Amino acid sequence: MSAFEHPSDDLVVSENFIRAVRDAGYLSLSTALAELVDNALEANARHVDIDIRRDDPSVCPIVTVTDDGHGMTAPELRQCLRFGGSSRFGSRASFGRFGMGLPAASLSQSNRVRVTSARRGEVRRAVTLDAAAIVSGVAPNFTPIEVSPASDAHGTVVEWVNCDRVEYRRLGWLQRAVIRRLGRLYREPLRGGTSITVNGKAVPPADPLLLETELNGVSASPPFPPMRFAIPDDVGGTSEVIVRFSLLPVEAWAGLDQATKRRVGIIGGGGISVLRAGREVADGWMFTGSKRKENYDDWWRCEIQFPPTLDDAFGITNTKQGVRPTRALIDTLEPYVEATARLLNGRVRRAFEEVKFRAATERACTVAAAADGDLPAIRNHVGSPLTYRICAEPLPIESMLRTELSNQRLDLTLNVDHPAFAALYAPLQSVEVSTGGGVRTSFELMLLSLGRTLAHFEADGTSTGEFVTRWSRTFGRMLRHS
Numbered sequence: 047m048s049a050f051e052h053p054s055d056d057l058v059v060s061e062n063f064i065r066a067v068r069d070a071g072y073l074s075l076s077t078a079l080a081e082l083v084d085n086a087l088e089a090n091a092r093h094v095d096i097d098i099r100r101d102d103p104s105v106c107p108i109v110t111v112t113d114d115g116h117g118m119t120a121p122e123l124r125q126c127l128r129f130g131g132s133s134r135f136g137s138r139a140s141f142g143r144f145g146m147g148l149p150a151a152s153l154s155q156s157n158r159v160r161v162t163s164a165r166r167g168e169v170r171r172a173v174t175l176d177a178a179a180i181v182s183g184v185a186p187n188f189t190p191i192e193v194s195p196a197s198d199a200h201g202t203v204v205e206w207v208n209c210d211r212v213e214y215r216r217l218g219w220l221q222r223a224v225i226r227r228l229g230r231l232y233r234e235p236l237r238g239g240t241s242i243t244v245n246g247k248a249v250p251p252a253d254p255l256l257l258e259t260e261l262n263g264v265s266a267s268p269p270f271p272p273m274r275f276a277i278p279d280d281v282g283g284t285s286e287v288i289v290r291f292s293l294l295p296v297e298a299w300a301g302l303d304q305a306t307k308r309r310v311g312i313i314g315g316g317g318i319s320v321l322r323a324g325r326e327v328a329d330g331w332m333f334t335g336s337k338r339k340e341n342y343d344d345w346w347r348c349e350i351q352f353p354p355t356l357d358d359a360f361g362i363t364n365t366k367q368g369v370r371p372t373r374a375l376i377d378t379l380e381p382y383v384e385a386t387a388r389l390l391n392g393r394v395r396r397a398f399e400e401v402k403f404r405a406a407t408e409r410a411c412t413v414a415a416a417a418d419g420d421l422p423a424i425r426n427h428v429g430s431p432l433t434y435r436i437c438a439e440p441l442p443i444e445s446m447l448r449t450e451l452s453n454q455r456l457d458l459t460l461n462v463d464h465p466a467f468a469a470l471y472a473p474l475q476s477v478e479v480s481t482g483g484g485v486r487t488s489f490e491l492m493l494l495s496l497g498r499t500l501a502h503f504e505a506d507g508t509s510t511g512e513f514v515t516r517w518s519r520t521f522g523r524m525l526r527h528s
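If you read the sequence shown in the numbering used here, its first letter stands for residue 47, the second for the next number, and so on.
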């Protein structure tokens, strides 16, 4: 290469452009590496191996990305490190589109990048981009150089020789961060059989919706089927956006320790994940209108999937690190997402209230179970003593409570909409905490004894429904006049 001068009508001044590119775009090593993984998957690679090493603690790391894709021809290799040089420029077929990813991502982390590639049966060739040389005024040379004879081997190797923008001193930390992030970005390809490794360690697919994460015998579940929206696309037709939600099991997971909740992503993991062609391009709080994020919103998740033909609607940029949706798209998706977010927030809030409620009633239920062996046996429930549970939920207004005896357990459900709940039971919840006395426990035992007596009558063939209804109505009317 030799020094060169720029004609006055050049679109860019190369040395200044390179300096600017190095400071633009990518938020981390993981997001820069994602561009190389995108290229590998575009080339139908099934294995992508990332190696991060430092030969000496005092020098910058070297990053190598190797894939078994179909490789590049000599003309393609000549163009691959040129900005906008991709043969897929403007494509709406898969991951790539702008032809900026490989050179921009590489220079954001390293000042020298070397690419070698071969198609099956062809010689392996290499091309290099040296940012330091260009900044010093040396013209780039993208002529591929043959490095090995033809063989059946195929694929591409990208080597970032001097990663002067990687600030991690402990590569173990960096490795874990990259594995965690790539596992989230590429969870769909990884589930489909694609293999990604970092320093020989397999990248597992993340599960931000927690639909496949089992704790205490349960996992999150979809509260309803996915919603599909037909959106005008970039090629003159319509393409489909799929929105799906998951709801975490509050009753089973609320009691987990904080370390476990952080490890599996319960705490701080809520929000909206946006996937383009199965690859995550954004996550955060979006399409939720005026609803603000609360702690309860960690307990539901949302995923929005769209094809590359809707890039313009979602406002995808060349770095694929976020979305800038059009007003038309916001107007279409936001009402549904916001309404669902508020609905699930309410469900989670009520579930936590129920968990708190059951924990507070545990003492009375334990006492009742201990005493059950001394009580008259109930027909068809002879054997082990009964266990007890107190719940609270909306019931028909004329009933203060409901009892159900099944599998040796008596469930007593209190009606939160009956005047007695607000007038008597709700105040007792705070009395127990503030005084430490047994007033609440005694009241709950009275209710449990009533429930057991009603169940006993029912087992003997005596209907108690009319009694409960009349008693509930009478008590409610008296309370309204108190």
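Positions of the beta carbon are idealized from the N, C-alpha and C atoms, including for glycine.
If you're wondering where the values come from, they're calculated on a predicted model, not measured in any experiment.
Note that the stretch 210-228 does not touch the stretch 186-200; fewer than 3 beta-carbon pairs, one per stretch, sit closer than 8 Å. Sequence-distant partners of Asp-101 (beyond 5 residues in either direction) whose C-beta falls short of 8 Å from its own C-beta, in its chain, are Ile-108. In this structure, the straight-line span from the alpha carbon of Ser-336 to that of Met-524 is close to 42 Å. With respect to the 8 Å criterion, Thr-355 and Ser-285 are classified as neighbours on the basis of their beta carbons.
In this structure, the CA atom of Arg-222 is about 49 Å from the CA atom of Ala-415. Around the CB of Gly-167, fewer than 16 other CB atoms lie within 10 Å, so the residue is classed as exposed.
Straight-line measurement puts the Cα of Phe-291 at about 43 Å from the Cα of Arg-160. Ranked by how close their Cα comes to the Cα of Leu-123, the residues Val-204, Asp-420 and Pro-235 have Val-204 in first place. Looking at the DSSP output, Asp-303 sits in no beta bridge, so it has no partner there. Around the Cβ of His-527, a 10 Å sphere holds fewer than 16 other Cβ atoms; the residue is exposed. For Ser-76, the uninterrupted alpha helix (DSSP H) segment begins and ends at 75-88. Closest option to Arg-237, judged by alpha-carbon separation, among Asn-245, Glu-258, Thr-487 and Asn-208: Glu-258. If you look at Gln-351, you'll find it in the beta strand (DSSP E) that goes 346-352. Between Cys-126 and Leu-153 a beta carbon distance of about 13 Å is seen, past the 8 Å cut, so the two are scored as non-contacting. In the structure shown, Trp-331 falls within a coil segment according to DSSP collapsed to helix, strand and coil. The stretch 394-414 and the stretch 362-371 do not touch, with fewer than three beta-carbon pairs separated by less than 8 Å. Looking at the DSSP output, Trp-206 shares a beta bridge with Val-109 and Val-159. Here DSSP, grouped into helix, strand and coil, assigns Val-67 to helix.
The stretch 459-468 and the stretch 423-440 touch, with three or more beta-carbon pairs separated by less than 8 Å. If only uninterrupted alpha helix (DSSP H) runs of at least 4 residues are considered, those enclosed by the stretch 184-250 are 217-231 and 233-237.
Under DSSP, Val-94 takes part in a beta bridge, and its partners are Asp-113 and Ile-242. According to DSSP, residue pairing for Asn-461 in a beta bridge involves Glu-439.
The stretch 393-404 makes no contact with the stretch 413-432, as fewer than three CB pairs between them are under 8 Å.
Judged by beta-carbon spacing, Leu-293 lies beyond the 8 Å limit of Pro-272, meaning their Cβ atoms are not closer than that value.
When Cβ pairs closer than 8 Å are counted between the two stretches, the stretch 88-96 is seen not to touch the stretch 172-190, the count staying below three.
Of the other Cβ atoms in all chains shown, fewer than 16 fall within 10 Å of the Cβ of Pro-473; this residue is therefore exposed. Partner residues in a beta bridge of Ala-385, as assigned by DSSP, do not exist. Your pair Phe-521 and Met-446 checks out as a contact, with CB atoms roughly 6 Å apart and the cut at 8 Å. For Thr-407, the three-state secondary structure derived from DSSP is helix. Taking C-beta separations shorter than 7 Å and ignoring five residues to either side along the sequence, the partners of Asp-358 in its chain run Asp-280, following chain order. Counting other Cβ atoms within 10 Å of its Cβ, Trp-219 stays below 16 and is therefore classed as exposed.
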